[in-house]
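Worksheet for the structure shown next.
There are 2 protein chains.
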Amino acid sequence: MTVTVIGTGLIGCSLANRLKETGFANKITGVDKNPENVQAALKLGWIDETCTLDEAIQQSELIIIAVPVDATLELLPDLLGKLDKQVLMDVGSTKETICASVLNNEKRGRFVATHPMWGTEKDGPEAVVKDAFKGRVAVICEKEKTDEDALQLVESLYSIIGMQLVYMDAAIHDVHAAYVSHISHIASYALSLTVLEKEKEEDAIFELASGGFESTVRLAKSNPAMWVPIFKQNKENVLDVLNEHIVQLRKIKSCLEKDNYTYLQELIADANKIKRILK
Amino acid sequence: MTVTVIGTGLIGCSLANRLKETGFANKITGVDKNPENVQAALKLGWIDETCTLDEAIQQSELIIIAVPVDATLELLPDLLGKLDKQVLMDVGSTKETICASVLNNEKRGRFVATHPMWGTEKDGPEAVVKDAFKGRVAVICEKEKTDEDALQLVESLYSIIGMQLVYMDAAIHDVHAAYVSHISHIASYALSLTVLEKEKEEDAIFELASGGFESTVRLAKSNPAMWVPIFKQNKENVLDVLNEHIVQLRKIKSCLEKDNYTYLQELIADANKIKRILK
């Protein structure tokens, strides 16, 4: 099968690599508005060729949109308009706005709205991870609005690369994504700003930073071109979680200010309950 | 050399293991007020024997205190009083209060105040990591108040297990520790509380949680018996950083509320600068 990947960054190229490795695709065409990204993806062997978007659509059975979610929103109606029997899927971290944007599109059935829950703080074709996606969850939204053959093709794609499928309402996906992904990025960005603001002796950070700091601040390296549009599209849910997060931080702050270490102990014991969920 | 480890938990046993492996110690005596910890440490081979604290001190050249920092504070004057020519060191995450507590002790010179910057979210002798400490920094405070032979012994210990030595004023250590370690734990505890509070459908977290969430929330599994005393002893610095952290979160919140995505982009680009420090 010939597959087109629009957006030859971390996700697009990691996916392209897995699709070639598993034999799902025998040819990958890459399209990206940034010519350097395409050249790097070609050089690294993640894609087999590049051409214009129209040519790519013509010759592919499946087209994967792997660009930031604001660009997805812009591209989507136009891409749907160009489809004949091809299947179009996205891999964005938000689903409600994207699904709503094509709700009444006459070719809605050709589109599969998905979110494979995998990524790293890095970006670009150089950041490809060989064994990406495996063992993680891929969410499919609004499957009832998707043509049967389109859904089946995308289900088989995610199965073949070792992902576990979960079906979800688009709005509910966005609530959960705010909790299990978006807030982690905000907390990490804020932690980085905190430390950079206060800690002027950068050498001290470098020398002393332990593994704990590295893991909480890792996501702060993530590209704003990807994340600002996610926060924008999921604004209400993200604000809701962010408010709750500030409430929790203030509770801890209040314990310290009032020397209430008994309550601090209880709060931390409660926080420990995350062990039951994440082994 | 015979070494006594007081506190046969993660740090005490991981250190004991490295000291045996490197030949620094030929016998390790373990003492812990929790008999289960001692039995597990014996069974797992991290310590060679156990006995009373007094017997352990008598037969050792080096005594390592590896208990929570509140217990360290209680034990320290008593332990110093029992020393003859032995060397006593601690490995706690706070240094100012601990150093101040023995400032005028007549045996101050036998004590080496240290903080090896390594740990995990787990605790107990079962959590030992084989190759612990290597490549990390060990901080030594108030070296000028320490006897030359005691300092040299502890320096050689950290060198032999592959740690890089940094000398620091105790108060300055605590400021940096608040930034590069303590605030990460608070942020992670608060993140866990946020998610557990809001996300009642635990299965959804379990299924959807991606690697990013796991890394930011990992530290929230850390034991309150260890961390509450650290926050208490380093209260002023921790509050200072926590206030700044809340300020940064509020800046991000305000961007979202006002749809000011240009400023949000700038904030995130600033946060990205942590890349220059942590590769």
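Top to bottom, those sequences are chains A and B.
Quick note: the first sequence uses the numbering used here, first residue 467, plus one each step.
Quick note: the second sequence uses the numbering used here, first residue 467, plus one each step.
Cβ coordinates follow ideal geometry from the N, Cα and C atoms, glycine included.
Values in this document were obtained by computation on a predicted structure and should not be read as measured data.
Short Cβ contact (9 angstroms threshold) for residue i with residue j
{"i": "residue 700 (chain A)", "j": "residue 635 (chain A)", "result": "no"}
{"i": "residue 411 (chain A)", "j": "residue 744 (chain B)", "result": "Examination of residue 411 (chain A) is not possible in this model, given that chain A is present from 467 through 745 alone."}
{"i": "residue 523 (chain B)", "j": "residue 496 (chain B)", "result": "no"}
{"i": "residue 490 (chain A)", "j": "residue 623 (chain A)", "result": "yes"}
{"i": "residue 674 (chain A)", "j": "residue 719 (chain B)", "result": "no"}
{"i": "residue 575 (chain A)", "j": "residue 611 (chain A)", "result": "yes"}
{"i": "residue 494 (chain B)", "j": "residue 518 (chain B)", "result": "no"}
{"i": "residue 690 (chain B)", "j": "residue 734 (chain A)", "result": "yes"}
{"i": "residue 580 (chain B)", "j": "residue 557 (chain B)", "result": "yes"}
{"i": "residue 678 (chain A)", "j": "residue 587 (chain B)", "result": "yes"}
{"i": "residue 655 (chain B)", "j": "residue 731 (chain A)", "result": "no"}
{"i": "residue 571 (chain B)", "j": "residue 546 (chain B)", "result": "yes"}
{"i": "residue 727 (chain A)", "j": "residue 698 (chain B)", "result": "yes"}
{"i": "residue 537 (chain B)", "j": "residue 695 (chain B)", "result": "yes"}
{"i": "residue 736 (chain A)", "j": "residue 662 (chain B)", "result": "yes"}
{"i": "residue 650 (chain B)", "j": "residue 682 (chain A)", "result": "yes"}
{"i": "residue 742 (chain A)", "j": "residue 712 (chain B)", "result": "no"}
{"i": "residue 551 (chain A)", "j": "residue 605 (chain A)", "result": "no"}
Limits of the unbroken alpha helix (DSSP H) element including residue i
{"i": "residue 505 (chain A)", "result": "501-509"}
{"i": "residue 679 (chain B)", "result": "677-683"}
{"i": "residue 513 (chain B)", "result": "No alpha helix (DSSP H) contains residue 513 (chain B), which DSSP labels as neither H nor E."}
{"i": "residue 692 (chain A)", "result": "690-699"}
{"i": "residue 578 (chain B)", "result": "Residue 578 (chain B) -> not in any alpha helix (DSSP H); beta strand (DSSP E) instead, spanning 577-582."}
{"i": "residue 478 (chain A)", "result": "476-487"}
{"i": "residue 616 (chain B)", "result": "614-626"}
{"i": "residue 535 (chain B)", "result": "535-548"}
{"i": "residue 727 (chain A)", "result": "727-737"}
{"i": "residue 560 (chain A)", "result": "Residue 560 (chain A) -> no alpha helix (DSSP H), and no H or E assigned at all."}
{"i": "residue 661 (chain B)", "result": "649-664"}
{"i": "residue 521 (chain B)", "result": "519-525"}
{"i": "residue 742 (chain B)", "result": "740-743"}
Extent of the continuous beta strand (DSSP E) to which residue i belongs
{"i": "residue 496 (chain B)", "result": "493-497"}
{"i": "residue 528 (chain A)", "result": "528-531"}
{"i": "residue 468 (chain B)", "result": "468-472"}
{"i": "residue 556 (chain B)", "result": "553-556"}
{"i": "residue 603 (chain A)", "result": "603-607"}
{"i": "residue 631 (chain B)", "result": "630-634"}
Alpha-carbon spacing of residue i relative to residue j, whole angstroms
{"i": "residue 441 (chain B)", "j": "residue 568 (chain B)", "result": "This structure leaves residue 441 (chain B) out entirely; chain B is present only between 467 and 745."}
{"i": "residue 541 (chain B)", "j": "residue 515 (chain B)", "result": "21 angstroms"}
{"i": "residue 485 (chain A)", "j": "residue 627 (chain A)", "result": "7 angstroms"}
{"i": "residue 703 (chain B)", "j": "residue 554 (chain B)", "result": "27 angstroms"}
{"i": "residue 481 (chain B)", "j": "residue 467 (chain A)", "result": "55 angstroms"}
{"i": "residue 592 (chain A)", "j": "residue 533 (chain A)", "result": "16 angstroms"}
{"i": "residue 498 (chain A)", "j": "residue 535 (chain A)", "result": "15 angstroms"}
{"i": "residue 723 (chain A)", "j": "residue 528 (chain B)", "result": "38 angstroms"}
{"i": "residue 652 (chain B)", "j": "residue 483 (chain B)", "result": "30 angstroms"}
{"i": "residue 754 (chain A)", "j": "residue 660 (chain A)", "result": "Any property of residue 754 (chain A) remains undetermined from this structure, which presents chain A solely from 467 to 745."}
{"i": "residue 478 (chain A)", "j": "residue 608 (chain B)", "result": "53 angstroms"}
{"i": "residue 492 (chain B)", "j": "residue 530 (chain B)", "result": "15 angstroms"}
{"i": "residue 684 (chain A)", "j": "residue 710 (chain A)", "result": "22 angstroms"}
{"i": "residue 629 (chain A)", "j": "residue 500 (chain A)", "result": "29 angstroms"}
{"i": "residue 596 (chain B)", "j": "residue 578 (chain A)", "result": "47 angstroms"}
{"i": "residue 487 (chain A)", "j": "residue 625 (chain A)", "result": "14 angstroms"}
{"i": "residue 603 (chain B)", "j": "residue 585 (chain B)", "result": "12 angstroms"}
{"i": "residue 693 (chain B)", "j": "residue 738 (chain A)", "result": "12 angstroms"}
{"i": "residue 664 (chain A)", "j": "residue 740 (chain B)", "result": "13 angstroms"}
{"i": "residue 573 (chain A)", "j": "residue 642 (chain A)", "result": "28 angstroms"}
Contact test: residue i Cβ vs the ligand NAD heavy atom, cutoff 8 angstroms
{"i": "residue 626 (chain A)", "result": "The ligand NAD is absent from the structure shown, which contains no ligand whatsoever."}
Below 7 angstroms between beta carbons is the criterion; list the residues of the region 642-660 of chain B that meet it against any residue of chain A, in chain order. 642, 645, 646, 647, 649, 650, 651, 652, 653, 654, 655, 656, 657, 658, 659, 660
Cβ contact check for the region 604-624 of chain A and the region 644-652 of chain A: 3 or more pairs under 8 angstroms: At 8 angstroms Cβ cutoff, the stretches do not touch.
Under 8 angstroms: do the region 470-478 of chain B and the region 500-512 of chain B share three or more Cβ pairs, one atom per stretch? yes
What are the residues of the region 510-522 of chain B that lie near chain A, defined by any Cβ-Cβ distance shorter than 8 angstroms? none
Taking a Cβ distance cut-off of 9 angstroms, strictly less, list which residues of the region 732-744 of chain B are near chain A, in chain order. 732, 733, 734, 735, 736, 737, 738, 739, 740, 741, 742, 743, 744
Short-range partners of chain A found in the region 586-607 of chain B, where Cβ spacing is below 9 angstroms: 586, 587, 602, 603, 605
Please list the residues of the region 678-704 of chain A that have a C-beta atom closer than 7 angstroms to any C-beta atom in chain B, keeping them in chain order. For the region 678-704 of chain A, which is checked against every Cβ of chain B, the residues closer than 7 angstroms are 678, 679, 680, 681, 682, 683, 684, 685, 686, 687, 690, 693, 694, 697, 698, 701, 704.
Residues of the region 548-575 of chain B in Cβ contact with chain A at a cutoff of 8 angstroms, in chain order, please. none
Output needed in chain order: residues of the region 474-502 of chain B with a Cβ under 7 angstroms from some Cβ in chain A. Nothing from the region 474-502 of chain B brings a Cβ to less than 7 angstroms from some Cβ of chain A.
For the region 624-642 of chain A, list every residue whose C-beta sits within 9 angstroms of some C-beta in chain B, in sequence order. 630, 632, 634, 638, 639, 641, 642
Identify each residue in the region 708-723 of chain B for which the Cβ-Cβ distance to at least one residue of chain A is less than 9 angstroms, and report them in chain order. So the list reads 708, 709, 710, 711, 712, 713, 714, 715, 716, 717, 718, 719, 721, 722, 723, given in the order they occur along the chain.
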